[in-house]
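Only one structure is covered here, and it is reproduced in the block below.
Numbering (our numbering), first residue to last: 208 to 293.
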């Protein structure tokens, strides 16, 4: 009888350990799910920022090209004015 009780106590201890381990894993899983949710949200925000930055870079390039074109036209006008003696 004593050995059976000892075996039951050992089994109870092991079941208790399994339950504790399961509880820890469940809590960790919930934490990891929340972390994943936050990281996905952060990724989405960063992708949006990259898209906006790309658009801004294109706009800057276009404006620089326009600036150079205007500069060339002004220089041409100045050259013409100098030829006229103005």
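Beta carbons are placed, not taken as given, at the ideal position from N, Cα and C, and that holds for glycine.
Here residue 279 carries a helix assignment [DSSP, helix/strand/coil]. Shown here, residue 292 sits in coil according to DSSP, grouped into three states, outside any helix or strand. Within the model, the alpha-carbon separation for residue 257 versus residue 238 is close to 28 Å.
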